[in-house]
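Engineer: Here's a structure for you.
2 protein chains.
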Amino acid sequence: MKDRPPIDRDSFEPPYAQLARTIRERIAGGAYRPGDRLPSEAELCAAFSVSPMTVRRAIGELVRADVVVTEHGRGTFVKPPQLAAASFDLGDLMRYLASPDVEARILEARIVSAGPRVAEKLAREEGERVISIKRLLLRGDEPVFYHSEYLVFDPARPLVEAELATTALQDLFSGAHGSDLKFGRLTLHASAFTETEASQLGEQPGTLAWVLEHLFFDFDDRPESWGRFVGRADRLSFTTTVGIPGPQEGV
Amino acid sequence: MKDRPPIDRDSFEPPYAQLARTIRERIAGGAYRPGDRLPSEAELCAAFSVSPMTVRRAIGELVRADVVVTEHGRGTFVKPPQLAAASFDLGDLMRYLASPDVEARILEARIVSAGPRVAEKLAREEGERVISIKRLLLRGDEPVFYHSEYLVFDPARPLVEAELATTALQDLFSGAHGSDLKFGRLTLHASAFTETEASQLGEQPGTLAWVLEHLFFDFDDRPESWGRFVGRADRLSFTTTVGIPGPQEGV
DNA sequence: CGGACAAACTTCCCTAGACCAGTAGGGTAG
DNA sequence: CTACCCTACTGGTCTAGGGAAGTTTGTCCG
Chain A
1 MKDRPPIDRD SFEPPYAQLA RTIRERIAGG AYRPGDRLPS EAELCAAFSV SPMTVRRAIG
61 ELVRADVVVT EHGRGTFVKP PQLAAASFDL GDLMRYLASP DVEARILEAR IVSAGPRVAE
121 KLAREEGERV ISIKRLLLRG DEPVFYHSEY LVFDPARPLV EAELATTALQ DLFSGAHGSD
181 LKFGRLTLHA SAFTETEASQ LGEQPGTLAW VLEHLFFDFD DRPESWGRFV GRADRLSFTT
241 TVGIPGPQEG V
Chain B
1 MKDRPPIDRD SFEPPYAQLA RTIRERIAGG AYRPGDRLPS EAELCAAFSV SPMTVRRAIG
61 ELVRADVVVT EHGRGTFVKP PQLAAASFDL GDLMRYLASP DVEARILEAR IVSAGPRVAE
121 KLAREEGERV ISIKRLLLRG DEPVFYHSEY LVFDPARPLV EAELATTALQ DLFSGAHGSD
181 LKFGRLTLHA SAFTETEASQ LGEQPGTLAW VLEHLFFDFD DRPESWGRFV GRADRLSFTT
241 TVGIPGPQEG V
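Rendered as structure tokens:
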């Protein structure tokens with residue numbers, strides 16, 4: 001029962017991370033099973049010759065990763081994998097769309113009069129002027145996403161041409177239109193292509209589609225932009241892992 | 001410029017949380033804009049009369065929430081809302097399905113011979129015996145999800161009757177079939193109802209559907225169960241928020 | 001036998017420093 | 001003018017404790 005991996009003080013991996021990894025590995029190896037109590041903080045301090053703060057931080061990492069749960073006054077317990085803890089990350093999709101071989105082609109960019117739906121989303125009056133931008137996202141020569149977006153029209157801040165460039169994707173994902181935005185709300189749902197979308201993407205109307213809707217607000221909590229990405233659903237799925245992944249996981 | 005909210009030592013909210021909240025509010029209020037540098041740790045220590053560790057913890061929370069980003073040697077900076085940081089949580093859906101007014105009705109539970117697809121998913125030979133369970137999840141009297149699941153058949157561990165009870169949903173989401181599972185992989189994709197699914201749910205075949213597929217592994221990294229939830233897509237969407245939500249957010 | 005209480009645990013949060021490492025700016029030697 | 005280095009400032013990590021608060025257990029007393 002000798003601790004094979006105590007703590008390597010010369011490693012680049014800081015002690016708290018080594019400790020967190022070690023505990024994780026022991027759980028993955030079955031040394032601690034779901035429901036079991038981990039050694040107390042004091043015991044871990046002694047066993048690994050680190051200070052309480054270091055132990056607390058290591059445990060904190062595991063708590064955040066939903067691997068263990070702490071109960072005040074009772075102890076720290078190993079959690080079974082929880083379906084409810086699952087969350088699907090948009091990061092991979094966004095990084096893919098922001099990659100160099102994906103380009104955005106502007107189909108249309110003009111000032112239009114807000115229809116009822118746009119007016120409601122942007123909290124403006126119907127008929128007010130808004131900027132309409134329609135983009136096609138292509139990977140190589142193949143269209144993968146259709147993007148339609150409406151921005152509130154502010155005469156004081158004329159439409160920046162740079163935002164319309166094909167390189168705007170970068171900003172679109174990292175800092176969306178300058179940095180005057182406070183927060184955004186995203187909604188993912190499944191739908192079917194409309195006529196317009198289908199023709200632009202070269203698909204049949206009614207084909208299964210993902211719709212990712214985004215609504216961004218400025219620092220006065222007023223809607224600033226509203227738009228949606230539409231793409232074929234059968235080419236994209238979201239995958240995630242709960243619990244402690246096996247050895248070859250990580251993509 | 002007097003700090004109105006220093007730190008209330010008598011509050012139930014611990015200082016690190018008060019500090020994190022205060023900084024968050026200042027960002028939300030526009031005092032610090034995206035790209036701005038926050039006061040340094042030392043300055044925050046002095047301004048709020050707390051120790052460095054407390055400041056670090058507060059900042060750590062904000063980093064984790066993707067509100068700020070720290071750069072070693074340079075400072076801590078406010079992040080604009082990032083699309084790539086978005087993740088869709090299954091928690092709400094799971095809590096909804098686990099609520100008391102949702103019940104699971106067993107349609108079928110028997111031992112079958114593994115077909116090619118099941119055999120591949122469970123890493124077994126085709127023709128081996130597996131347990132097949134089909135459930136209907138009802139809210140009130142209305143079916144909302146169809147659940148099909150295959151478990152490896154282990155004669156040593158006979159099928160627990162409790163797992164088949166209509167109350168099994170609880171376990172299904174929190175600890176899935178005892179606690180012998182190490183991790184699970186979940187995949188979400190959009191699809192259309194098959195004949196079987198449609199008839200069970202009282203829908204038309206071809207209707208848009210969500211499919212949530214789950215594959216659980218035991219502590220030897222062997223697949224233990226594989227199954228999928230299928231439900232109407234037009235009644236369910238996933239919503240999330242990036243950046244700092246406005247005042248009335250939080251559902 | 002039963003209930004109150006105290007001790008011994010546990011986690012939680014904090015202090016007040018220390019040293020290391022990365023960055024930026026200014027001054028100096030070439 | 002350029003290249004270099006030195007210094008001040010930044011976050012990153014850790015130490016070695018402390019007191020507060022929740023839980024469990026066992027003991028003592030009625």
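Top line first, the protein sequences correspond to chains A and B.
1 is the number of the first residue of the first sequence in the numbering used here; add one for each residue after it.
1 is the number of the first residue of the second sequence in the numbering used here; add one for each residue after it.
The beta carbon of each residue, even a glycine, is placed where N, CA and C say it ideally should be.
Model, not experiment: these values are computed from the prediction.
Return helix, strand or coil for Arg-232/B, following the three-state DSSP convention.
Structural biologist: Start at 1 with the first residue of the second sequence, and residue 232/B comes out as number 232. Arg-232/B falls in the strand class under three-state DSSP.
Engineer: Applying the criterion that 16 or more other CB atoms from any shown protein chain within 10 Å of the CB defines a buried residue, is Pro-223/A buried or exposed?
Structural biologist: Within the first sequence, residue 223/A is the residue found at index 223, counting from 1. Burial call: buried.
Engineer: Counting only beta-carbon separations shorter than 8 Å, does Ile-133/B have a partner in chain A?
Structural biologist: By 1-based counting over the second sequence, the position of residue 133/B is 133. No, because no Cβ of chain A sits closer than 8 Å to the Cβ of Ile-133/B.
Engineer: Which residue wins for smallest C-alpha separation from Glu-25/A, given the options Leu-137/A, Val-67/A and Phe-48/A?
Structural biologist: The sequence position of residue 25/A within the first sequence is 25, counting from 1. Nearest C-alpha to Glu-25/A: Val-67/A.
Engineer: Along the region 185-199 of chain A, where does the CB come closer than 9 Å to a CB of chain B? Name the residues.
Structural biologist: Arg-185, Leu-186, Thr-187, Leu-188, His-189, Ala-190, Ser-191 and Ala-192
Engineer: DSSP state of Ser-243/B, grouped into three classes?
Structural biologist: Along the second sequence, read from residue 1 onward, the residue named residue 243/B stands at position 243. Sequence check: residue 243/B is Gly here, not Ser. Three-state DSSP puts Gly-243/B in a strand.
Engineer: For the putative contact between Ile-27/A and Ile-244/A, defined by C-beta atoms under 8 Å, what is the C-beta separation to the nearest angstrom?
Structural biologist: For the purposes of this step, residue 27/A is taken as residue 27 along the first sequence, with counting starting at 1. For the purposes of this step, residue 244/A is taken as residue 244 along the first sequence, with counting starting at 1. So it is a contact: roughly 6 Å between Cβ atoms.
Engineer: In this structure, what does DSSP give as the bridge partners for Arg-129/A?
Structural biologist: On the first sequence, residue 129/A is found 129 positions in, with the first residue counted as 1. According to DSSP, which records beta bridges pairwise, Arg-129/A is partnered with Ser-113/A.
Engineer: Could you work out which residues of chain A lie near Ala-86/B, taking near to mean beta carbons separated by less than 7 Å?
Structural biologist: Taking the second sequence and counting its residues from 1, the one referred to as residue 86/B is at position 86. Within chain A, the residues near Ala-86/B are Leu-90 and Leu-186.
Engineer: Provide the residue(s) that pair with Gly-75/B in DSSP beta bridges, ordered along the chain.
Structural biologist: The residue labelled residue 75/B in the question sits at position 75 within the second sequence. Paired residues: Glu-71/B.
Engineer: So, is Tyr-96/B buried or exposed, given that buried needs 16 or more other C-beta atoms within 10 angstroms?
Structural biologist: Within the second sequence, numbered from 1, the residue matching residue 96/B stands at position 96. It counts as exposed.
Engineer: Taking Cβ to Cβ, would you say Leu-208/B is nearer than 8 Å to Ala-198/A?
Structural biologist: By 1-based counting over the second sequence, the position of residue 208/B is 208. By 1-based counting over the first sequence, the position of residue 198/A is 198. Result no, Cβ atoms of Leu-208/B and Ala-198/A do not sit closer than 8 Å.
Engineer: Tell me the rounded alpha-carbon separation between Ala-85/B and Gly-127/B.
Structural biologist: Numbered from 1 along the second sequence, position 85 holds the residue referred to as residue 85/B. Numbered from 1 along the second sequence, position 127 holds the residue referred to as residue 127/B. Looking at the two C-alpha atoms, the distance is approximately 44 Å.
Engineer: Determine, for Pro-100/B, whether the minimum Cβ-Cβ distance to residues of chain A falls below 8 Å.
Structural biologist: Counting from 1 along the second sequence, the entry for residue 100/B is found at position 100. Chain A contact via Cβ: absent.
Engineer: At what residues does the beta strand (DSSP E) containing Val-152/A begin and finish?
Structural biologist: Start at 1 with the first residue of the first sequence, and residue 152/A comes out as number 152. Where Val-152/A is concerned, the enclosing beta strand (DSSP E) stretches over 142-152.
Engineer: Can you check whether the CB of Thr-241/A is closer than 8 Å to the CB of Phe-183/B?
Structural biologist: In the second sequence, counting from the first residue as 1, residue 183/B sits at position 183. In the first sequence, counting from the first residue as 1, residue 241/A sits at position 241. Yes; because the gap between Cβ atoms is below 8 Å, this pair is in contact.
Engineer: From the DSSP output, which residues share a beta bridge with Asp-36/A?
Structural biologist: Here residue 36/A refers to the residue found at position 36 of the first sequence. Per DSSP, none; premise fails for Asp-36/A.
Engineer: Quick check on the DSSP output: the beta strand (DSSP E) that includes Ala-190/B runs from which residue to which?
Structural biologist: For the purposes of this step, residue 190/B is taken as residue 190 along the second sequence, with counting starting at 1. Residues 181-192.
Engineer: Output, in chain order, the set of chain B residues within a Cβ distance shorter than 7 Å of Pro-245/A.
Structural biologist: Residue 245/A sits at position 245 when you count from the first residue of the first sequence. Chain B residues near Pro-245/A: Phe-183.
Engineer: Cβ of His-214/A within 8 Å of Cβ of Leu-186/A?
Structural biologist: Taking the first residue of the first sequence as position 1, residue 214/A is located at position 214. Taking the first residue of the first sequence as position 1, residue 186/A is located at position 186. Contact flag set, yes.
Engineer: Name, in chain order, the residues that DSSP records as bridge partners for Glu-213/B.
Structural biologist: The residue you call residue 213/B lines up with position 213 of the second sequence. Thr-187/B and Arg-228/B, per the DSSP bridge assignment.
Engineer: I want to see whether chain B comes within less than 8 Å of Val-242/A, judged by CB atoms only; does it?
Structural biologist: As a working note, residue 242/A is residue 242 in the first sequence. Yes, its Cβ sits closer than 8 Å to a Cβ of chain B.
Engineer: Let's test the definition: count the other Cβ atoms within 10 Å of the Cβ of Phe-12/B and tell me whether it reaches 16, buried, or not, exposed.
Structural biologist: Against the second sequence, residue 12/B aligns to sequence position 12. By the 10 Å Cβ count, Phe-12/B comes out exposed.
Engineer: Say whether chain A places a C-beta atom closer than 8 Å to the C-beta of Thr-239/B.
Structural biologist: Here residue 239/B refers to the residue found at position 239 when the second sequence is read from its first residue. Contact of Thr-239/B with chain A is assigned, a C-beta pair being separated by under 8 Å.
Engineer: Excluding the five sequence neighbours on either side, which residues of its own chain have a C-beta within less than 8 Å of the C-beta of Val-102/B, listed in chain order?
Structural biologist: If you number the second sequence from 1, residue 102/B lands on position 102. If we look at Val-102/B and ignore the five residues flanking it on each side, its Cβ neighbours are Tyr-96, Leu-137, Leu-138, Arg-139, Val-144 and Leu-169.
Engineer: Answer yes or no: does any C-beta atom of chain B fall closer than 8 Å to that of Arg-95/A?
Structural biologist: Within the first sequence, numbered from 1, the residue matching residue 95/A stands at position 95. Judged by the 8 Å Cβ criterion, Arg-95/A is in contact with chain B.
Engineer: For Ala-20/A, count neighbouring C-beta atoms within 10 Å of its own C-beta (all shown protein chains included) and say buried if the count is 16 or more, exposed if not.
Structural biologist: On the first sequence, residue 20/A is found 20 positions in, with the first residue counted as 1. The residue in question, Ala-20/A, is buried, as its Cβ has 16 or more Cβ neighbours within 10 Å.
Engineer: Counting C-beta neighbours from all protein chains within 10 Å, is the total for Ala-156/A 16 or more, i.e. buried, or is it exposed?
Structural biologist: Here the question's residue 156/A lines up with position 156 in the first sequence. Flag for Ala-156/A reads exposed.
Engineer: Thinking just about the alpha-carbon of each residue, which of Arg-129/B, Ser-87/B and Ile-133/B is nearest to the one in Ala-109/B?
Structural biologist: For the purposes of this step, residue 109/B is taken as the residue at position 109 of the second sequence. The candidate whose alpha carbon is nearest that of Ala-109/B is Ile-133/B.
Engineer: Where does Met-53/B land, buried or exposed, given buried means 16+ other C-beta within 10 angstroms?
Structural biologist: Here the question's residue 53/B lines up with position 53 in the second sequence. Taking all protein chains in view, the Cβ of Met-53/B is surrounded by fewer than 16 other Cβ atoms within 10 Å, so the residue is classified as exposed.
Engineer: Within a Cβ cutoff of 6 Å, which residues of the same chain sit near Leu-151/A, ignoring the five residues on either side of it in sequence?
Structural biologist: Numbered from its first residue, the first sequence carries residue 151/A at position 151. Excluding positions up to five away in sequence, the list reads Ile-131 and Ser-225.
Engineer: Determine the DSSP secondary structure at Ile-7/A, reduced to helix, strand or coil.
Structural biologist: As a first step, residue 7/A is located in the first sequence; it is residue number 7 there, counting from the start. Note: Ile-7/A maps to coil in three-state DSSP.
Engineer: What runs of the alpha helix (DSSP H), each 4 residues or longer, lie entirely inside the region 40-64 of chain A?
Structural biologist: 41-48 and 52-64
Engineer: Run the CB neighbour count on His-147/A, radius 10 Å, all protein chains shown included, and call it buried at 16 or more, exposed below.
Structural biologist: For this step, residue 147/A is matched to residue 147 along the first sequence. Answer is buried; the Cβ neighbour count reaches 16.
Engineer: Apart from the five residues on each side of it in sequence, which residues of its chain come closer than 7 Å, Cβ to Cβ, to Arg-57/A?
Structural biologist: For the purposes of this step, residue 57/A is identified with residue 57 of the first sequence, where counting begins at 1. Closer than 7 Å at Cβ, skipping near neighbours: Tyr-16.
Engineer: In three-state DSSP terms, what is Leu-107/A?
Structural biologist: Taking the first residue of the first sequence as position 1, residue 107/A is located at position 107. Note: Leu-107/A maps to strand in three-state DSSP.
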